[in-house]
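J.: Residue numbers (my numbering): 32 to 463. All residues carry an ideal CB built from backbone N, CA and C; glycine is no exception.
What follows is the structure in structure tokens.
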């Protein structure tokens with residue numbers, strides 16, 4: 032029944048909430064001239080109203096502190112859109128807008144507590160190291176004392192982690208999805224209320240979320256090309272081969288809700304089967320090794336893993352291609368031309384849209400491949416809608432790069448919404 036309700040929501044969304052250029056609001060860094068150039072190009076090509084631009088005084092780099100994010104980025108956007116909440120469905124960040132927001136710093140009270148117990152933690156670590164050294168040298172370890180010290184160290188380390196908020200950094204775009212939410216926990220993530228399996232109760236209990244997307248890349252020319260390619264390909268529909276590079280990891284549903292390695296690998300295999308059934312030519316690789324260079328030509332869709340921060344030029348892509356590689360660091364930068372991470376290199380190779388994390392996202396930080404590519408292949412959703420309905424978390428690590436209005440299969444739909452099921456089969460829905 033839950034699956035049926037989810038699919039009903041998917042079918043309703045495409046007709047009830049058609050996305051228009053007027054629903055796009057473009058975020059520009061006024062300190063980076065190229066940022067405005069990309070915005071102006073998008074306005075000219077897509078017909079976004081010229082008034083739908085928010086120029087901000089932002090750092091020039093790819094990182095922004097939590098304090099600057101709050102005061103220089105999020106709050107000015109809220110002020111600009113206060114009376115336009117319903118119309119502003121998408122925030123489009125551009126080349127030059129910071130990519131990653133730093134972690135939440137300890138409060139004065141938390142810092143005081145850290146200063147108090149850190150000497151104790153250092154002493155406990157040192158004491159445990161000395162005990163273990165003596166045991167190696169003389170075999171005189173006192174097991175009971177060592178165990179007490181280990182537990183003490185573990186407790187202090189857990190408290191240190193709680194106070195320093197190590198997983199409170201995030202992708203700027205993912206954080207902006209919760210623009211209208213009041214204060215929420217910054218540690219780790221918030222479940223995405225736009226996800227197609229999120230309950231109606233969860234949606235109604237919280238403020239609306241905003242869809243986000245980014246026009247960015249190793250150069251301003253690439254950022255502009257994402258727009259031009261999207262429009263050109265839409266006119267006739269995306270055609271080409273599908274390459275899915277899974278790892279052959281089994282999924283049994285036991286001990287894996289479908290959000291671990293086995294679940295995501297199974298979703299890649301399900302994506303391959305779904306798109307092949309839809310009539311697309313599909314290459315599915317199930318060997319653990321990543322596909323080597325020059326493995327395929329004429330590729331329209333690529334999804335694979337796992338070559339961490341080490342791009343492999345495995346495919347030659349057609350204009351309009353949508354491609355991403357599931358690994359931990361693949362959008363830690365979008366602009367460094369010499370980077371080995373996947374997202375900027377895919378963009379340099381001509382890809383029109385990609386997804387990647389700005390820091391460790393775990394597998395759950397990515398959309399399920401079968402859900403994302405299946406939704407896109409219906410032709411009923413734009414790129415940003417397909418992503419927003421399949422990414423599980425907000426205030427987390429992944430970024431969507433491309434033209435939010437890009438609908439590659441609008442003219443040549445491959446699937447119907449009813450064909451796109453929660454993936455993997457046998458997994459468990461973790462959306463609230």
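1) Give me the residue from 199, 221, 276 and 369 with the minimum Cα distance to residue 250.
2) Which residue marks the beginning of the alpha helix (DSSP H) containing residue 74, and which one marks its end?
3) Helix, strand or coil for residue 366, going by three-state DSSP, please let me know.
4) Between which two residues does the alpha helix (DSSP H) containing residue 347 stretch?
5) So, with DSSP's three-state summary, where would you put residue 239?
6) For residue 55, which of 78, 63 and 261 has the nearest alpha-carbon?
7) What is the DSSP secondary structure of residue 276, reduced to helix, strand or coil?
8) With a cut-off of 8 Å, do at least 3 Cβ pairs link the segment 386-403 to the segment 264-272?
9) Is there contact between the segment 420-429 and the segment 199-213, where contact requires at least three CB pairs shorter than 8 Å?
10) Confirm, please, whether the CB-CB distance from residue 431 to residue 386 is below 9 Å.
11) Just confirm the distance between the C-beta atoms of residue 349 and residue 335, as a whole number of angstroms; I'd bet it's less than 8 Å.
12) Let me know the beta strand (DSSP E) ranges lying completely inside the segment 422-460, each 3 residues or longer, listed in chain order.
13) At which residues does the alpha helix (DSSP H) containing residue 373 begin and terminate?
14) Just mark residue 454 as buried or exposed, buried being the case when its beta carbon has 16 or more other beta carbons within 10 Å.
15) Grab the span of the alpha helix (DSSP H) containing residue 327 for me, first residue to last.
16) Please tell me whether residue 264 and residue 351 are closer than 9 Å, where the distance is taken between their beta carbons.
17) Using a Cβ distance threshold of 8 Å, determine whether the segment 204-223 contacts the segment 240-249, with at least three qualifying pairs required.
18) For residue 59, does the count of other Cβ atoms within 10 angstroms reach 16, so buried, or fall short, so exposed?
19) Taking 9 Å as the threshold (C-beta atoms), are residue 459 and residue 227 in contact?
20) With respect to the alpha helix (DSSP H) encompassing residue 58, which residues constitute its N-terminal and C-terminal limits?
21) I'd like to check one pair, residue 322 with residue 389: are the Cβ atoms closer than 9 Å?
22) CA-CA distance, residue 293 and residue 153?
23) Leaving out five residues before and five after residue 324 in sequence, what residues of the same chain have Cβ atoms less than 8 Å from its Cβ?
24) Take residue 70 and list the residues in its own chain whose beta-carbon comes closer than 6 Å to its own, dropping the five residues that flank it on each side.
25) Could you name each continuous alpha helix (DSSP H) segment of 4 residues or more that falls completely within the segment 374-413, going from the start of the chain to the end?
26) For the beta strand (DSSP E) holding residue 84, just list the boundary residues, first then last.
27) From residue 89 to residue 133, what distance separates their C-alpha atoms?
28) Ordered along the chain, which non-local residues of its own chain (more than five positions away) have a Cβ less than 8 Å from that of residue 76?
29) Is it right to say residue 467 is buried, meaning 16 or more other beta carbons lie within 10 angstroms of its own, or is it exposed?
30) Looking at the structure shown, is residue 317 part of a helix, part of a strand, or coil, going by DSSP?
31) Thinking C-alpha only, which one of 107, 121, 378 and 451 is nearest residue 406?
32) From residue 147 to residue 214, what does the alpha carbon distance come to, in whole angstroms?
33) Quick check on the DSSP output: the alpha helix (DSSP H) that includes residue 124 runs from which residue to which?
34) Are the CB atoms of residue 457 and residue 283 nearer to each other than 9 Å?
35) State the CB to CB distance for the pair residue 130 and residue 221, rounded to an integer number of angstroms; the pair is presumed to be in contact (CB under 8 Å).
T.: With the given structure in hand:
1) The shortest C-alpha separation from residue 250 is found at 369.
2) Counting along the chain, the unbroken alpha helix (DSSP H) around residue 74 starts and ends at 64-77.
3) Here residue 366 sits in coil by DSSP.
4) Element bounds for residue 347: not the alpha helix (DSSP H) but the beta strand (DSSP E), 346-356.
5) Here residue 239 sits in coil by DSSP.
6) Considering only alpha carbons, the answer is 78.
7) DSSP places residue 276 in strand when its eight states are reduced to three.
8) Counting Cβ pairs under 8 Å, fewer than three are found: no touch.
9) Touching, yes.
10) Taking 9 Å as the Cβ cut-off, residue 386 and residue 431 qualify as a contacting pair.
11) That belief does not hold up - the Cβ atoms of residue 349 and residue 335 are roughly 17 Å apart, past 8 Å.
12) Runs of the beta strand (DSSP E) inside the segment 422-460: 429-432.
13) Residues 373-379.
14) So residue 454 ends up on the buried side.
15) Where residue 327 is concerned, there is no enclosing alpha helix (DSSP H), although the beta strand (DSSP E) it sits in stretches over 327-335.
16) Less than 9 Å separates the beta-carbon of residue 264 from that of residue 351.
17) The segment 240-249 and the segment 204-223 touch, with three or more beta-carbon pairs separated by less than 8 Å.
18) Under this definition residue 59 is a buried residue.
19) No. Outside cutoff.
20) Bounds of any alpha helix (DSSP H) do not take in residue 58; it lies within the beta strand (DSSP E) bounded by 55-60.
21) Not closer than 9 Å, so no.
22) Linking residue 293 to residue 153 through their CA atoms gives a straight-line distance of about 39 Å.
23) Contacts found: 343, 344 and 345.
24) 57, 59, 84 and 125.
25) 400-408, all fully within the segment 374-413.
26) Start and end: 84-87.
27) The alpha-carbon atoms of residue 89 and residue 133 are separated by roughly 14 Å.
28) Answer for residue 76: 258, 259 and 262, listed in chain order.
29) The question about residue 467 has no answer here: the residues shown for the chain are numbered 32 through 463.
30) In this structure, residue 317 counts as coil in the three-state DSSP scheme.
31) Of the candidates 107, 121, 378 and 451, 451 places its Cα closest to the Cα of residue 406.
32) Each residue's Cα considered, the two are about 28 Å apart.
33) From DSSP, residue 124 is part of no alpha helix (DSSP H) but of the beta strand (DSSP E) over 121-125.
34) Yes.
35) With a Cβ gap of about 19 Å, residue 130 and residue 221 do not count as contacting.
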